Amino acid sequence: MKILVANGPNLNLTGLRDPQFYGSDTLETINSELKKEFPAMSFEFFQTNSEGELIGKVQSVREGDTDGIILNAGALSHYSYALRDAIAAVRKPVVEVHLSQVFSREEFRRTSVISEVCKGTITGFGKYSYFAAAFALGGILKR
Ligand code: DQA
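Number 78 in numbering that gives the first Met the number 0 belongs to position 79 of the sequence shown; there are no gaps in the numbering.
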């Protein structure tokens with residue numbers, strides 16, 4: 000099972016910025032723990048600060064052999080209709096994840112324009128949001 004773990008703007012600063020919201024582990028640490036937790040899965044890790052690059056990456060999954068996507072789109076989750084359209088077109092399950100509990104933060108974070116086109120959303124469990132998403136994808140993709 001091949002899973003793309005895609006992270007959007009500012010997620011490269013995970014572990015360095017606002018640890019009260021995002022924890023103290025770096026994205027590299029989270030990624031390597033994910034690999035250890037789910038040895039049967041083949042992960043591709045991707046991070047970009049660019050909306051266009053993230054859309055391009057999501058689009059690439061449409062035709063490739065990737066089975067599903069774990070997506071932390073960062074602030075793009077709250078306003079990017081272009082990303083939403085890319086997810087809607089991908090035809091593979093996408094799990095929206097957030098490290099922080101977005102519903103207990105600023106008002107603008109309580110809206111996600113991508114949730115509706117994602118298979119599900121996991122928010123507020125820090126790095127375990129990614130683990131929970133991998134577990135869920137593994138379950139629904141198992142044949
Ligand atoms: C985030 C939440 C977003 O509101 C924020 O813009 C981020 C990170 C999270 O993982 O909690 O960059 O997606």
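Every residue gets a Cβ at the ideal spot worked out from N, C-alpha and C, and that includes glycine. These numbers were taken from a predicted model, which means no experiment stands behind them.
- Message: Under DSSP, the alpha helix (DSSP H) around threonine 28 begins and ends at which residues?
- Response: 26 to 36
- Message: Taking 7 Å as the cut-off, is the beta-carbon of asparagine 30 closer than that to any non-hydrogen atom of the ligand DQA?
- Response: no
- Item | Rounded C-alpha distance that separates asparagine 71 from isoleucine 113 | 11 Å
- Task: Verify the contact flag: leucine 33, CB atom, against every heavy atom of the ligand DQA, threshold strictly below 7 Å.
- Result: no
- Query: Which residues share a DSSP beta bridge with alanine 5?
  - Reply: Within the DSSP secondary-structure output, alanine 5 pairs in a beta bridge with Phe45 and Leu70.
- Message: What I want to know is whether the C-beta of valine 101 ends up closer than 7 Å to one or more non-hydrogen atoms of the ligand DQA.
- Response: yes
- Task: Within 10 angstroms of the Cβ of lysine 35, are there 16 or more other Cβ atoms? Answer buried if so, exposed if not.
- Result: It counts as exposed.
- Task: With glutamate 105 as the anchor, note down where its beta strand (DSSP E) starts and where it stops.
- Result: Run containing glutamate 105: none; DSSP gives neither H nor E here.
- Same chain only: Cβ atoms within 6 Å of asparagine 6, ignoring 5 sequence neighbours per side: Gln46 and Asn71
- Hey, would you say the C-beta of tyrosine 21 is under 7 Å away from at least one heavy atom of the ligand DQA? yes
- Message: Taking 7 Å as the cut-off, is the beta-carbon of leucine 15 closer than that to any non-hydrogen atom of the ligand DQA?
- Response: no
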